Amino acid sequence: MRYLTKLVPSVALALSTAIVCHQAVAETAYVSNEKDDTLSIIDLDTLEVTDTIAVGERPRGIIFSHDKTRLYICASDSDTVQVMDLKNNRIIAQLPSGEDPEQFALHPDDRRLYIANENDAVVTVVDVTTQEVISQIDVGVEPEGMAVSPDGKWALATSETTNMVHWIDTETHEVVDNTLVDQRPRHIEFNKEGTTVWASSEIGGTVSIIDVASRQISHKLHFKIKGVHPDKIQPVGIKLTDDGKYAFVALGPANHVAVVDAKTYEILDYLLVGRRVWHMEFNTDQSRLLTTNGISGDVSVIDLDRMKVIKSIKVGRYPWGIRIKP
Amino acid sequence: MTLRDALICFNGLLQRELLRFVQQRSRFFSALVRPLLWLVVFASGFRAALGIAIIAPYETYITYEVYIVPGLCAMIILFNGMQSSLSMVYDREMGSMRVLLVSPMPRPFLLLSKLLATSLISLLQVYGFLVIAWFWGVEAPLWGYLTALPAFLLVAMMLSAIGLFISAKIKQLENFAGVMNFVIFPMFFLSSALYPLWKMREASEWLYWICAWNPFSHGVELIRFALYQQVNSTALSIVIIVTLVASIVAVRGFQPQQGMGKR
């Protein structure tokens, strides 16, 4: 009996661990298809599309709430941010977002959503709980990239035509500084510590690494792929690994993702993916990176242990944003 | 004929082929240089750095170098198979084939053993090429190099059998050189070795059909799929059928008297 009392809890523990492990393995990717007005759902075990869900018009940027129970979707042509309940994949709310929302970032407080309104040259701040607009901040022309610093102090917007990174103080909601970068900045990403921020310039063909303390550019990355015309190298999406080892830069119509040593800023490799790659996302343990390839309408899966592209999965037309849920 | 006799006989033939292979260094060298030139020079020109559309068995976008490697493996086998058939004509003319055929072993066994021995030699060259291609950055899945082995062997048997069939029909060495031009090059170029068949179809429908009917295309596709641990059943059946038919016809039609006897 004594053995039994010991045995039962350990078996139960083993079983529950197995179940938890299994759940942890079965990850799901959500991909917004800009031209189809849908989300494609990919099972990361089988690497197959398991479902396609109709959403608002021209879905682009997507982001999870911190507990990953809800997905916010920039429905650009519906001029709203939709809220999807991930339990049943139903749209449960439409947030006021300002006109043409494209990219957005969620504050660490899980409430304030900073939305770039491309057509109006403003950043709209929405409280996702009260579903009300808190503030609208004037920035440069055609804002697109949005990021909030890990400490929540800064919200950064990049304006594609003004070619600037705008530093918004999240206490006062005012632009306190601007950093000039190369032509057409599309995307911006903080490192995990919040000490540097990486901004891609689509036409300039560069990525600027900005020191957050001084708000000055400390490094600039240039790319060169054998056999690809320099005009085709148009950096957009950026992802940085949590361990600070690698940065990945999606190079648009060059159909490659650059692998960068995040410490030395050396370009280590270029990985061939589908046509016009824009945005990317890691899976939970950062062993894989998924890319959205707009023109070829697929998602490429990169194995980060081997630094190899292992598969490209057909999704809807013009896949844009991507997020992965454990 | 006991199994032991058969093995001794086969071993003798294999050793003879190996000896020839080792002694003719230039042959091994040229067998490697030829596909390497295609890989390094030709494929670089068509590099397709922006990627080739996804076709089975590939699961993602590939560069042109990756595409042509299976075709170049098949090319090595093709040249080797044809060259060894050439050697049969030579053997026949010089009389060493007659020496071989006085062996008490049945003639079909002798000829098929020779085919197999040649095929095994081809494998050495193919794997030599694959190792260099690996360093050039064209990598297949690791297990693929093993799963491709039976495909290489089968394709080598098919091409040697076709070579034997042709050599059985040739009376003299000089004729054979001509046939090489009319067999090797059309076989290689009118296949999926250099371009995917859908690309051929874009160029012309009849060209596509010639390529689709070419047994060499099926050999290339069998190798391509096997390198990626998959079986292309259509290619497999066609290669098996062609190998059987060509072997039977070649063995039946092989007349050792032809070379010298008729002169």
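Top line first, the protein sequences correspond to chains A and B.
Take any residue in the first sequence, note its place counting from 1, add 116, and you have its number in my numbering.
Take any residue in the second sequence, note its place counting from 1, add 838, and you have its number in my numbering.
Note that CB positions come from ideal geometry on N, CA and C, so glycine has one too.
Keep in mind that this is a model prediction, so the values were computed, not measured.
Beta-carbon proximity list for residue i, same chain, < 8 Å, skipping 5 on both sides
| i | result |
| --- | --- |
| residue 238(A) | 214, 252, 253, 254, 255, 259 |
| residue 847(B) | 941, 943, 947, 948, 951 |
| residue 312(A) | 306, 325, 326, 327, 328, 334 |
| residue 427(A) | 163, 416, 417 |
| residue 203(A) | 185 |
Proximal residues to residue i (C-beta, below 7 Å), its chain only, five neighbours per side dropped
| i | result |
| --- | --- |
| residue 226(A) | 181, 182 |
| residue 1070(B) | 1059, 1060, 1063 |
| residue 964(B) | 911, 914, 915, 990 |
| residue 335(A) | 325, 381 |
| residue 152(A) | 432, 433 |
| residue 384(A) | 375, 376, 377 |
| residue 993(B) | 912, 915, 1057, 1060, 1061, 1077 |
| residue 883(B) | none |
| residue 908(B) | 1058, 1061, 1062, 1065 |
| residue 983(B) | 968 |
| residue 420(A) | 402, 403, 404, 405 |
| residue 979(B) | 1066, 1067 |
| residue 1052(B) | 1025, 1028, 1029 |
| residue 269(A) | 286 |
| residue 971(B) | 877, 907 |
| residue 139(A) | Because residue 139(A) carries a pLDDT of 46, less than 50, the predicted location of this residue cannot be relied on, and the following value inherits that uncertainty. The answer is none, since no qualifying residue turns up. |
Chain-ordered neighbours of residue i on chain A, where CB pairs are closer than 8 Å
| i | result |
| --- | --- |
| residue 982(B) | Going along chain A, no residue has its Cβ under 8 Å from residue 982(B), so there is no contact; the nearest lies around 13 Å. |
8 Å contact criterion, which residue i and residue j should meet: CB distance rounded
| i | j | result |
| --- | --- | --- |
| residue 955(B) | residue 1061(B) | With 8 Å as the limit, residue 955(B) and residue 1061(B) do not qualify as a contact, their Cβ atoms being about 20 Å apart. |
| residue 242(A) | residue 222(A) | The pair is not a contact, with the Cβ atoms about 10 Å apart (cut-off 8 Å). |
| residue 352(A) | residue 394(A) | 5 Å |
| residue 998(B) | residue 953(B) | 4 Å |
| residue 179(A) | residue 439(A) | 7 Å |
| residue 430(A) | residue 414(A) | 5 Å |
| residue 901(B) | residue 891(B) | So it is not a contact: roughly 12 Å between Cβ atoms. |
| residue 206(A) | residue 190(A) | The Cβ separation is near 18 Å, so there is no contact. |
| residue 343(A) | residue 371(A) | Wrong, their Cβ atoms sit about 11 Å apart, outside the cutoff. |
| residue 850(B) | residue 923(B) | About 20 Å separates the two Cβ atoms, so there is no contact after all. |
| residue 959(B) | residue 856(B) | 7 Å |
| residue 1087(B) | residue 1003(B) | 5 Å |
| residue 926(B) | residue 1005(B) | 5 Å |
Neighbouring residues, chain B, relative to residue i (Cβ below 9 Å)
| i | result |
| --- | --- |
| residue 405(A) | Here the premise fails: no neighbours, minimum Cβ distance about 13 Å. |
| residue 388(A) | 887, 888, 889, 898, 899, 900, 901 |
Spatial neighbours of residue i in its chain, beta-carbon cut-off 6 Å, leaving aside the 5 residues before and after
| i | result |
| --- | --- |
| residue 212(A) | 249 |
| residue 137(A) | Because the pLDDT of residue 137(A) is 45, which lies under 50, any placement of that residue in the model is unreliable, and the number read from its coordinates should be weighed accordingly. Around residue 137(A): no qualifying Cβ. |
| residue 257(A) | 237, 275, 277, 278 |
| residue 294(A) | 280, 282 |
| residue 1085(B) | 999 |
| residue 155(A) | 146, 148, 169, 171 |
| residue 142(A) | 161 |
| residue 303(A) | 261, 316, 352, 353, 354 |
| residue 961(B) | 990 |
| residue 357(A) | 402 |
Within chain A, the residues that residue i reaches when beta carbons sit closer than 9 Å
| i | result |
| --- | --- |
| residue 893(B) | Within 9 Å Cβ-Cβ: nothing; residue 893(B) doesn't reach chain A, min ~12 Å. |
Contact list for residue i against chain B, beta-carbon separation under 8 Å
| i | result |
| --- | --- |
| residue 428(A) | 892, 897, 898, 899 |
| residue 147(A) | Simply none; closest approach about 16 Å. |
Contacts of residue i in chain B (Cβ-Cβ under 7 Å)
| i | result |
| --- | --- |
| residue 425(A) | 898 |
9 Å Cβ cutoff, residue i in contact with chain E
| i | result |
| --- | --- |
| residue 185(A) | You won't find chain E in this structure, because its protein chains are A and B. |
(request) Return the chain-ordered ranges of every beta strand (DSSP E) run that is complete within the region 846-887 of chain B and spans a minimum of 3 residues. (result) none
(message) Short of 7 Å Cβ to Cβ, which residues in the region 364-391 of chain A face chain B?
(response) 371, 388, 389, 390
(request) Check each residue of the region 333-346 of chain A: if its Cβ is closer than 7 Å to any Cβ of chain B, include it; give the result in chain order. (result) 341, 342, 343, 344
(request) Anything in the region 406-423 of chain A with a Cβ closer than 7 Å to a Cβ of chain B? List those residues in chain order, please. (result) Correct list: 416.
(message) Please give the ranges of any beta strand (DSSP E) in the region 339-420 of chain A, keeping only runs that are unbroken, at least 3 residues long and fully inside the region.
(response) 354-356, 362-366, 372-377, 383-388, 393-398, 404-409, 414-419
(message) I'd like the ranges of any beta strand (DSSP E) spanning at least 3 consecutive residues and lying wholly in the region 960-1037 of chain B.
(response) none
(message) At 3 residues or longer, what runs of the beta strand (DSSP E) sit wholly inside the region 273-351 of chain A?
(response) 280-285, 290-296, 301-306, 312-317, 322-327, 332-338
(request) Just list the beta strand (DSSP E) runs in the region 175-243 of chain A, keeping only unbroken ones of 3 residues or longer that don't cross its boundaries, in chain order. (result) Correct list: 175-180, 186-191, 196-201, 206-212, 217-222, 228-233, 238-243.
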